[in-house]
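Engineer: Okay, handing you the structure first.
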Amino acid sequence: MLTKRIIPCLDVTAGRVVKGVNFVGLRDAGDPVEIAKRYNTQGADELTFLDITATSDGRDLILHIIEDVASQVFIPLTVGGGVRTVADVRRLLNAGADKVSMNSSAVANPDLVSDAAAYYGSQCIVVAIDAKQTEAGNWEVFTHGGRTPAGKDVVEWACEVAKRGAGEILLTSMNRDGSKDGFDLALTAAVSDAVSVPVIASGGVGNLQHLVDGITKGHADAVLAASIFHYGEYTVGQAKEYMAAQGIPVRI
Amino acid sequence: MAQTIAIVDYGMGNLRSVYQAFHHVAPDENVLIARKPEEIRNADRVVLPGQGAMPDCMKHLEESGLLEALLEASKSKPLLGVCVGEQMLFDRSAEVRPGERWTSCLGLISGEVRRFELAGKKQADGSAYKVPHMGWNQIRQDRQHPIWNGIPDLTSFYFVHSYYVVPQRAEDVVGSTEYGAWFTSAVARDNIFATQFHPEKSAEYGLKLYQNFVSWQP
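First to last, the protein sequences are chains P and R. Take 1 as the starting number for the first sequence in the numbering used here and just add one per residue. Take 1 as the starting number for the second sequence in the numbering used here and just add one per residue.
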């Protein structure tokens with residue numbers, strides 16, 4: 001049986017892993033290579049790196065970080081943040097990323113999704129969607145780190161990018177991100193039920209039951225979390241044991 | 001003397017993770033990314049990775065000038081196919097350019113490549129099956145093989161694919177996986193072994209599989 005994935009997320013800037021609340025207020029969480037190795041040892045199924053650096057100087061740093069991680073950690077690595085062109089996709093894949101995630105640039109230029117998927121295959125193209133609730137049952141796509149409303153409906157946008165060749169959707173609830181109140185389960189289920197590709201739930205995990213709920217109630221194929229792992233509240237292994245005890249198939 | 005392990009580079013996608021994994025398990029061997037026929041001819045072992053769409057993979061392989069050397073190697077040298085590199089070993093694939101029915105492949109293992117047809121089917125937990133089949137899933141070892149040494153039956157490996165192989169001969173099947181139905185996830189015949197999953201992304205036991213390939217004497 002296909003297991004549900006647990007994906008620790010590392011927000012990287014200036015060569016360090018950081019964590020914010022509702023997309024602002026960053027705290028240092030440590031060295032990316034050391035953190036990646038630790039999660040691999042704990043049994044993480046994949047790792048996601050989001051480059052939240054604004055400058056091009058910082059941008060080259062993540063290539064070196066991915067190179068370092070990929071030479072020591074043999075699980076899938078997804079990298080996103082600042083991916084604007086097919087050439088950016090190539091640079092990240094060449095550095096050792098297995099999947100590349102695009103967000104604002106996909107909204108600005110949906111052909112980027114189609115072009116990158118046609119060239120490199122859907123398996124390595126992830127579209128990240130930052131979703132903000134506008135009213136009950138409705139969510140709007142936001143870009144530029146959650147600052148800019150895109151005027152698009154989240155479920156419609158998810159269906160469009162899947163049709164254009166995205167192999168996976170990384171879905172973040174902006175309302176819940178950093179809140180520790182759990183995933184937006186209605187959002188997650190709405191998107192997961194609407195698309196034929198896997199959906200990663202993100203934003204809001206505060207305890208291990210939230211991970212279970214993301215799968216059983218949100219119908220997510222994978223769950224992503226950052227702070228519960230970074231600050232040592234739980235190990236990935238503890239999360240898997242808890243999920244297995246709730247009847248969720250996980251790789252132990 | 002160090003062996004040479006050639007990873008065939010026909011210009012499709014990224015071979016770095018396969019290279020890194022072999023370099024990690026065989027630091028004393030000469031692991032190289034082969035872009036010239038003689039690099040395949042001079043190698044002791046050959047690895048055929050693959051990603052992206054089958055029609056592009058076959059076209060690039062034919063245009064690379066490496067096809068003949070690869071076919072020669074397939075007759076005698078240990079050859080490992082990975083993902084689309086596994087699928088390429090078969091006769092034909094249903095992953096085609098628009099308007100075509102089949103893409104012709106290498107014909108080294110009898111059988112064909114088909115797409116998952118899981119629309120409308122529900123998983124045990126009530127959720128829909130997604131395609132691509134992406135994530136960690138177990139391999140049932142259908143028969144013994146030196147490449148399985150030290151890897152427990154039903155170990156999970158990492159998959160990401162929308163197509164799967166259907167071998168004609170049952171004896172070529174060495175591993176199977178359940179996703180909606182059982183499909184063949186590893187095949188072997190003579191000096192050839194191939195996996196649908198990605199050992200280079202499958203942590204400890206994936207590295208063990210590559211290590212076993214490095215010492216395999218078919």
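The beta carbon of each residue, even a glycine, is placed where N, CA and C say it ideally should be. Remember, predicted model here, so these are calculated numbers, not experimental data.
In the stretch 161 to 204 of chain R, which residue ranges form an unbroken alpha helix (DSSP H) of at least 4 residues, counting only runs that do not cross its ends?
Structural biologist: Listed in chain order, there is nothing to give.
Engineer: Taking all protein chains shown into account, decide if S202 of chain R is buried (16 or more other Cβ within 10 angstroms of its Cβ) or exposed.
Structural biologist: So S202 of chain R counts as buried.
Engineer: Using a Cβ-Cβ cut-off of 8 Å, state whether G52 of chain R counts as contacting chain P.
Structural biologist: Yes, because at least one Cβ of chain P sits closer than 8 Å to the Cβ of G52 of chain R.
Engineer: Listed in chain order, which residues of the stretch 120 to 140 of chain R have Cβ atoms closer than 9 Å to some Cβ of chain P?
Structural biologist: Residues Q123, A124, D125, G126, S127, A128, Y129, K130, V131, P132, H133, M134, G135, W136, N137, Q138.
Engineer: Show which residues of chain R have a CB atom less than 9 Å away from the CB atom of N94 of chain P.
Structural biologist: N14, R16, listed in chain order.
Engineer: So, V173 of chain R versus H145 of chain R, is the Cβ gap smaller than 8 Å?
Structural biologist: Against a cut-off of 8 Å, the Cβ pair of H145 of chain R and V173 of chain R comes out as no contact.
Engineer: According to DSSP, is A131 of chain P part of a helix, a strand, or is it coil?
Structural biologist: Three-state result, A131 of chain P: strand.
Engineer: Using 8 Å as the limit for Cβ to Cβ distance, is E86 of chain R near chain P?
Structural biologist: Taking Cβ atoms only, chain P never reaches closer than 8 Å to E86 of chain R, which makes this a no.
Engineer: Bridge partners for H133 of chain R per DSSP, in chain order?
Structural biologist: DSSP output for H133 of chain R lists R:H161 as bridge partner(s).
Engineer: Show which residues of chain P have a CB atom less than 8 Å away from the CB atom of G206 of chain R.
Structural biologist: Chain P residues near G206 of chain R: F74.
Engineer: Whose C-beta lies closer than 7 Å to the C-beta of Q246 of chain P among residues of the same chain, with five residues either side of it excluded?
Structural biologist: Counting only Cβ-Cβ distances below 7 Å, and skipping sequence neighbours, we find V212.
Engineer: Taking Cβ-Cβ distances below 9 Å as the criterion, which residues of the stretch 153 to 183 of chain R are in contact with chain P?
Structural biologist: Listed by position along the chain: S156, Y158, F159, V160, H161, S162, T177, E178, Y179.
Engineer: Evaluate Y120 of chain P with the Cβ neighbour count: other Cβ atoms within 10 Å of its Cβ, from every protein chain shown; 16 or more gives buried, anything less gives exposed.
Structural biologist: Flag for Y120 of chain P reads buried.
Engineer: Give the DSSP bridge partners of S93 of chain R, in chain order.
Structural biologist: Answer is R:T103, R:V113, bridged to S93 of chain R.
Engineer: I need the straight-line Cα distance from V79 of chain P to S74 of chain R, nearest angstrom please.
Structural biologist: Taking the straight line joining both Cα atoms gives about 36 Å.
Engineer: For L71 of chain R, count neighbouring C-beta atoms within 10 Å of its own C-beta (all shown protein chains included) and say buried if the count is 16 or more, exposed if not.
Structural biologist: Flag for L71 of chain R reads exposed.
Engineer: Taking DSSP as the reference, what is the three-state secondary structure of T188 of chain P?
Structural biologist: The answer is helix: DSSP assigns T188 of chain P an H, G or I state.
Engineer: Where do the N-terminal and C-terminal ends of the alpha helix (DSSP H) with E68 of chain R fall, by residue?
Structural biologist: Note, E68 of chain R: alpha helix (DSSP H), 67 to 76.
Engineer: Check whether the Cβ atoms of L89 of chain R and A186 of chain R lie closer than 8 Å to each other.
Structural biologist: No, they are not a contact pair.
Engineer: Return the CA-CA distance between L207 of chain R and P199 of chain R, expressed in angstroms with no decimal places.
Structural biologist: Rounded to whole angstroms, L207 of chain R to P199 of chain R spans 6 Å at the Cα level.
Engineer: For K59 of chain R, return the contacting residues in chain P, with the cut-off set at a CB-CB distance below 7 Å.
Structural biologist: The premise fails here: K59 of chain R is roughly 13 Å from chain P at the closest Cβ pair, so nothing lies under 7 Å.
Engineer: Which two residues bound the contiguous alpha helix (DSSP H) that contains K121 of chain R?
Structural biologist: First-last for K121 of chain R: undefined, no H or E at that position.
Engineer: Hey, I75 of chain P and V12 of chain P: beta-carbon distance below 8 Å or not?
Structural biologist: No, they are not a contact pair.
Engineer: Are there 16 or more other CB atoms within 10 angstroms of the CB of I252 of chain P, so buried, or fewer, so exposed?
Structural biologist: Exposed: under 16 other Cβ atoms inside 10 Å.
Engineer: Which residues of the stretch 152 to 185 of chain P have a Cβ closer than 8 Å to any Cβ of chain R? Give them in chain order.
Structural biologist: Within the stretch 152 to 185 of chain P, the qualifying residues are G167, E168.
Engineer: Per DSSP, what kind of secondary structure is S71 of chain P in: helix, strand or coil?
Structural biologist: Residue state, collapsed to three classes: coil.
Engineer: Could you tell me whether any Cβ in chain P is nearer than 8 Å to the Cβ of Q20 of chain R?
Structural biologist: It does; some Cβ of chain P falls within 8 Å.
Engineer: Specify the secondary structure class of N22 of chain P as computed by DSSP and reduced to three states.
Structural biologist: Residue placement at N22 of chain P cannot be trusted, given a pLDDT of 49 that sits under 50; what the coordinates show is reported in the next sentence. Correct three-state label for N22 of chain P: coil.
Engineer: Which residues mark the beginning and the end of the beta strand (DSSP E) in which S202 of chain P is found?
Structural biologist: Segment 199 to 202, the beta strand (DSSP E) holding S202 of chain P.
Engineer: Can you pull out the residues from the stretch 224 to 248 of chain P whose beta carbon lies closer than 9 Å to at least one beta carbon of chain R?
Structural biologist: Going along the stretch 224 to 248 of chain P in chain order, one finds G247, I248 with a Cβ nearer than 9 Å to chain R.
Engineer: For R16 of chain R and G135 of chain R, I'd like the C-alpha separation in whole angstroms.
Structural biologist: About 20 Å.
Engineer: So, helix, strand or coil for D295 of chain P, using DSSP?
Structural biologist: In the structure as shown, chain P starts at 1 and stops at 252, and residue 295 of chain P therefore has no counterpart that could be examined.
Engineer: From which residue to which residue does the beta strand (DSSP E) around P8 of chain P run?
Structural biologist: From DSSP, the beta strand (DSSP E) with P8 of chain P extends over 5 to 13.
Engineer: Out of R:P167, R:G99, R:P78, R:R97, state which residue places its alpha-carbon closest to the alpha-carbon of R41 of chain R.
Structural biologist: Closest by alpha carbon: R:P78.
Engineer: So D51 of chain P is in the beta strand (DSSP E); what residue range does that whole segment cover?
Structural biologist: Its beta strand (DSSP E) spans residues 47 to 51.
Engineer: Have a look at P:K240, P:V107, P:A36 and flag the residue whose alpha-carbon is nearest the alpha-carbon of Q72 of chain P.
Structural biologist: Checked all of P:K240, P:V107, P:A36; the closest Cα to Q72 of chain P is P:A36.
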